[in-house]
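The numbering used here puts the first residue of the sequence shown at 22, with every later residue one more than the last. We treat Cβ as the ideally placed atom computed from N, Cα and C, and that holds for glycine. First the structure, in the form of structure tokens, and then the observations on it.
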Amino acid sequence: MMDVPARVAPARVFIQDVAMRDGLQAEAVFVPTDDKVAFVDALSRTGLAKIEVTSFTSPKAIPMLADADEVMRRIERVPGVEYTVLVPNVRGVERALAAPPDEFNLVMSCSETHNLANLRMTRAGSVAQLLEVIRLSTEARVPANVSLSCSFGCPMEGEVPATTVLDFAATFLDAGARGVTLCDTTGMAYPSQVAGLCRDFRARFPQAMLTLHVHNTRGMGLANALAALHAGVDRFDASLGGLGGCPYAPGATGNVCTEDLVHMLVLEGRATGIDLPELLDCARRLGVLVGHELPGQVVKAGQRLDLHPVPASVAQARARAAAGTSAPAAA
Ligand code: COA
Ligand code: ZN
């Protein structure tokens, strides 16, 4: 008798929502702290693997997230969900340790010009700060992840060499970071480029946690995510409703939309642990919270098999077909 191979369930894909940080920081009207806390609490019940709750940056640079300390103190921590926060410097870590997150997400850009615009430091200055941040986070037993902006191109400098990106990754992984996020900050990535860099990353750092963070600026967000999935990536940042855009990147738009990404992954037979109807409810709520329509598409179109009512004309056409008569000629 032939052995029938056991069906192996595909491994989970980890979805990490960044709407409350990457999304909100581009919004013009301040979202009240109570609403942020309630929204994170609702997101915590959708099955997301990780939520980027806020950022401990200078309140002058990002006034929307000036309430990071209070938000982190007040959210309800649901077991199984990781709560991460963005920190640009040592000051950010010191503030965040009052209500320790499950991870520090450090940020710097692979492009010198973008780093100067976004963080007002040279890349060498950022590396020095972030190495100190990793040292502090190791001491505090909070794991660190480093998000490398402009990993697939810079809107001011153009191409960013893959070796530059991988060398920055090596610097931080060697210093003790547990993972790296390759960020397509301004939607310059394309599928074969994404697959290539993700494969090179995996080959060079097989033990590191790798996340892909793409923006949909040129409509390639889902295509890039799919290319990464096929290259073996199992962690994705995405933003509910597609909210977002870096304030220092000209023409930037939101991240790939979380619910659209999850909808695609479900159709592709991949497990995310997410309750999609619950997530879609949150996406509708987010539109109300920020007071404008969001780019997410499944919220508007419904899921693939959400069927529409059959128009009355179909019954008439069926009846005519059964009777063998043809439709009346149009006037
Ligand atoms: N939290 C709170 N305040 C901070 C801070 C932090 N993490 N880091 C710096 N500050 C304050 C300083 O105390 C200082 O305040 P003061 O003017 O009242 O004295 C002011 O910010 C400037 O500090 P400085 O060290 O000179 O920093 P900077 O002006 O060069 O700014 C950053 C550097 C990184 C702190 C700032 O540019 C920033 O927060 N940028 C946000 C980047 C970001 O999140 N971009 C989007 C995500 S990719
Ligand atoms: Zn981003």
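The beta carbon of Lys57 sits closer than 8 Å to the beta carbons of Met41, Leu45, Thr75, Asp88, Val92 from its chain, once the five residues preceding and following it are set aside; these are given in chain order. Pairwise C-beta distances place the segment 120 to 137 in contact with the segment 155 to 170, as three or more of them are shorter than 8 Å.
A check of alpha carbon separations from Cys278 across Pro316, Ala248, Ala244 identifies Pro316 as the nearest. Boundaries for Asp38: no alpha helix (DSSP H) harbours it, while the beta strand (DSSP E) harbouring it runs 35 to 38, taken from the DSSP string. In this structure, Leu169 sits away from Thr134, with a CB-CB distance that is not shorter than 8 Å. Boundaries of the alpha helix (DSSP H) around Asp90: 89 to 95. A distance below 6 Å between beta-carbons, with the five flanking residues on each side excluded, links Asn110 to the following residues of its chain, in chain order: Gln150.
For the set Ala191, Val283, Gly197, the Cα lying nearest the Cα of Leu247 is the one of Val283.
Distance check between Ala304 and each of Val287, Asp281, Ala292, Glu289 places Asp281 closest, using alpha-carbon atoms only. Sorting Ala244, Pro298, Glu103 by C-alpha distance to the C-alpha of Ala165 places Glu103 at the top.
For the pair Val34 and Phe257, the CB atoms are nearer than the 8 Å cut-off. Judged by beta-carbon spacing, Asn245 lies beyond the 8 Å limit of Gly263, meaning their Cβ atoms are not closer than that value. Contiguous beta strand (DSSP E) elements confined to the segment 135 to 162 do not occur, taking only those with 3 or more residues.
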